[in-house]
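Okay, so the sequence shown: first residue is 2 according to the numbering used here, each after it adds one.
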Amino acid sequence: MNLWSRVNAFFARLFSGEPQAGRFESGSKFSLSGWVGTAPHVWPSRDYLVYVPRGHTRWKRAPLLVLCHGCKQTPEELAQGTRVTALADRTGCVVLLPRQKDTANAWRCWNWFDARTAAGHGETAIVAAQIRAVIRKYRLDRKRVAVAGMSAGGALAAAVGVRYPRLIRSVAVHSGLACGAASSAMSALPVMQNGPDTDVAAIGAQARAAAGAERMQVPLLAIHGDGDRVVAPLNATALVRQYLALNGLAATSTLPTPASETHTTLPGGRVETVREWMRDGLLIARLVTVSQLGHAWSGGDATLAYNDAAAPDATTLVGRFLGDGLS
């Protein structure tokens, strides 16, 4: 299509009231502090996809949802499995999907166990740079930025929320781990099975102090299956403790009593347990535990690996949790 045809098509849509269809666009972003200690030979840049939702216009500042894939996944597979494009079209949010390099990790895992990444450099810094670049390019609302992820992508999302609390409004982690949960790359597998070998609540408290914002709030949604044999459910408990500390509650070695707890039997017989913690009347953490769910995105497209079609629909849970951040 030549330039004149594109101009005619634009004005035809403008005056007919026809919204532009959703579309994927690609990009790449570099960060000077993005070198990864576990792959020091890899240039600190990563590609990404952006889903621009149906009817998006630069005249209205839209929110941004960052969605990080897990090991052995691609952004395209994560978008299909979670059906995030339908959420984006419904809420108007732009979706950023970072892409891991095979050269940075042979399994395409994000290097959440890398010390630099856990400290806010490495791949955490690269994703933060991508967020800033996408906000500028699409003229998005800087006050409505959420980051989410599955498994290793969930661990990366958790690290972005901890290390960039002034950039991120809220965090959603499905089957993931706390920021800095592993003290080294060698301990990553034991941590996945047995829980953190570091004091993750102290990491959250220290990050809050470093941010210098007493009333800062970065609420967390953690979703985990009690049948997960890849990332043990106790990692979700540790993640909640970390975010309670990040949000100003005292760092503790055990999970404090929640403000509320509900148990719902879902179609098919699974039980969804929801626990919530509040501070100053605001929700700061919600932990959703799903019985019989393994290491998979709940309610996802089961034709793809790491997706389970049974209820609850995690994408809907994420959309509800983010609430005003996406609408």
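Even glycine gets a Cβ: it sits at the ideal position worked out from N, Cα and C. Since the structure is predicted, the reported quantities are computational estimates derived from the model, not experimental observations.
Within the same chain, show all residues whose beta-carbon is closer than 8 Å to that of residue i, passing over the 5 residues directly before and after it, in chain order.
| i | result |
| --- | --- |
| Q81 | D302 and L305 |
| V232 | S152, S176, G177, L178, M193, H225 and H296 |
| V172 | A147, V148, A149, A158, A159, V161, G162, V219, P220, L221, L222 and Y244 |
| G269 | A311 and A312 |
| L250 | P257, W278, R280 and I285 |
| I127 | K30, F31, S32, G35, P45, S46, R47 and P99 |
Would you mind stating whether residue i and residue j have Cβ atoms separated by less than 9 Å?
| i | j | result |
| --- | --- | --- |
| L79 | V148 | no |
| V291 | P259 | no |
| P45 | S27 | no |
| L288 | T238 | yes |
| A206 | A246 | yes |
| R100 | T75 | yes |
| I132 | L240 | no |
| A202 | T253 | yes |
| R109 | C72 | yes |
| T125 | A119 | yes |
| R140 | R59 | yes |
| A1 | R145 | As displayed, the chain neither begins before 2 nor continues past 328, which places residue 1 out of reach and without an answer. |
How is the alpha helix (DSSP H) around residue i delimited, first residue to last?
| i | result |
| --- | --- |
| R242 | L235 to L247 |
| D90 | V85 to T92 |
| I127 | G123 to Y139 |
| F322 | A315 to L323 |
| A116 | A116 to A119 |
What first and last residue would you give for the beta strand (DSSP E) that runs through residue i?
| i | result |
| --- | --- |
| Y52 | S46 to V53 |
| T265 | S261 to T266 |
| A149 | V146 to M151 |
| T304 | First-last for T304: undefined, no H or E at that position. |
| S29 | R24 to F31 |
| T290 | L283 to V291 |
| L256 | Per DSSP, L256 belongs to no beta strand (DSSP E) and is neither H nor E. |
| L98 | V95 to P99 |
| H42 | H42 -> no beta strand (DSSP E), and no H or E assigned at all. |
| V275 | V272 to R280 |
| V67 | L65 to C69 |
| A223 | L221 to G226 |
| A173 | S171 to H175 |
Measure the C-alpha to C-alpha separation of residue i and residue j and round it to an integer number of angstroms.
| i | j | result |
| --- | --- | --- |
| G23 | M279 | 36 Å |
| R321 | G154 | 20 Å |
| A107 | A315 | 28 Å |
| P197 | A183 | 6 Å |
| V53 | R170 | 20 Å |
| S185 | I204 | 15 Å |
| L97 | D229 | 27 Å |
| Y284 | H42 | One point to set straight first is that residue 284 is Leu, not Tyr, in the sequence displayed. Near 42 Å, if we compare the C-alpha coordinates of H42 and L284. |
| V37 | W111 | 10 Å |
| H57 | L318 | 23 Å |
| K61 | R84 | 24 Å |
| L50 | A134 | 12 Å |
| D227 | L294 | 6 Å |
| R137 | R143 | 9 Å |
| N236 | T274 | 16 Å |
| T199 | R271 | 32 Å |
| N195 | V174 | 18 Å |
Taking 8 Å as the cut-off, is the C-beta of residue i nearer than that to any heavy atom in the ligand HEM?
| i | result |
| --- | --- |
| T92 | This structure lacks the ligand HEM, and indeed carries no ligand of any kind. |
Only counting the same chain, and skipping five residues up and downstream in sequence, which positions put a Cβ closer than 7 Å to that of residue i?
| i | result |
| --- | --- |
| A129 | V161, Y165 and L168 |
| N1 | Absent from the model: residue 1. The displayed extent of the chain is 2 to 328, so no value can be given. |
| F12 | Residue placement at F12 is poorly supported in this model, since its pLDDT is 49, which falls under 50; the coordinates are not used for a value here. |
| V8 | With a pLDDT of 49 at V8, under the threshold of 50, the predicted position of this residue should be treated as unreliable, and no value is reported. |
| A105 | V37, A40, V43 and N112 |
Grab me the residues of residue i's own chain with a C-beta within less than 6 Å of its C-beta, minus the 5 sequence neighbours each way, in chain order.
| i | result |
| --- | --- |
| E262 | R276 |
| H122 | S34 |
| A189 | F114 and A183 |
| A89 | Y52, P54 and V96 |
| P20 | R55 and G56 |
| field | Runs of alpha helix (DSSP H) wholly within the region 180-216 (minimum 4 residues, chain order) | value | As far as the region 180-216 is concerned, its whole alpha helix (DSSP H) runs of at least 4 residues are 189-195 and 201-212.
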